[in-house]
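In this text, residue positions in the sequence shown follow the working numbering: the first is 143, and each later residue adds one.
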Amino acid sequence: MTERKWSKAVTIALEKPEEWVIIDTTQAASWALIEDWPIEEAPALDRALSVCADVISGKRTPEDARLAFIAAVKEARIPMKED
Numbered sequence: 143m144t145e146r147k148w149s150k151a152v153t154i155a156l157e158k159p160e161e162w163v164i165i166d167t168t169q170a171a172s173w174a175l176i177e178d179w180p181i182e183e184a185p186a187l188d189r190a191l192s193v194c195a196d197v198i199s200g201k202r203t204p205e206d207a208r209l210a211f212i213a214a215v216k217e218a219r220i221p222m223k224e225d
């Protein structure tokens with residue numbers, strides 16, 4: 143089963159501003175939250191990850207995950223742009 147892409151992708155910079163990564167599905171957001179983000183940003187990321195889990199289980203919409211991901215990115219002050 144292919145996951146539905148978000149209505150609008152979010153591009154974030156992980157370790158360096160020039161290392162932009164496009165996030166366009168809940169699954170991609172979950173992997174970014176689990177593997178690539180700094181531990182000190184855990185509270186914001188945990189909240190976003192919880193929403194992503196709800197999307198994957200069918201409790202929330204992909205747009206909910208996208209908005210939670212954007213909120214976490216902003217709270218963590220990670221460079222972001224919307225495509």
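Think of the CB as a built atom: it goes at the ideal place given N, C-alpha and C, for glycine as much as any other residue. The structure displayed is predicted, hence computed values, not measured ones.
8 Å contact criterion, which residue i and residue j should meet: CB distance rounded
i	j	result
Phe-211	Ala-171	5 Å
Cα-Cα separation, residue i to residue j
i	j	result
Gln-145	Glu-224	Rather than Gln, the amino acid found at residue 145 in this sequence is Glu. Rounded to the nearest angstrom, the two C-alpha atoms are 20 Å apart.
Leu-156	Asp-178	7 Å
Ala-174	Asp-166	11 Å
Met-222	Leu-209	13 Å
Cys-194	Lys-147	13 Å
CB of residue i within 7 Å of CB of residue j, strictly
i	j	result
Ala-218	Ala-186	yes
Residues of its chain near residue i, where Cβ-Cβ distance is below 8 Å and the 5 sequence neighbours each way are ignored
i	result
Ile-198	Thr-168, Gln-169, Ser-172
Residues near residue i by beta carbon distance below 7 Å, same chain, minus five either side
i	result
Glu-161	Ala-155
Own chain, CB closer than 6 Å to residue i, minus 5 neighbours either side, in chain order
i	result
Asp-196	Arg-202
Inter-stretch contact at 8 Å, needing at least 3 Cβ pairs: the segment 174 to 184 / the segment 199 to 206: Per the Cβ contact rule, the segment 174 to 184 is not in contact with the segment 199 to 206 (fewer than 3 Cβ pairs under 8 Å).
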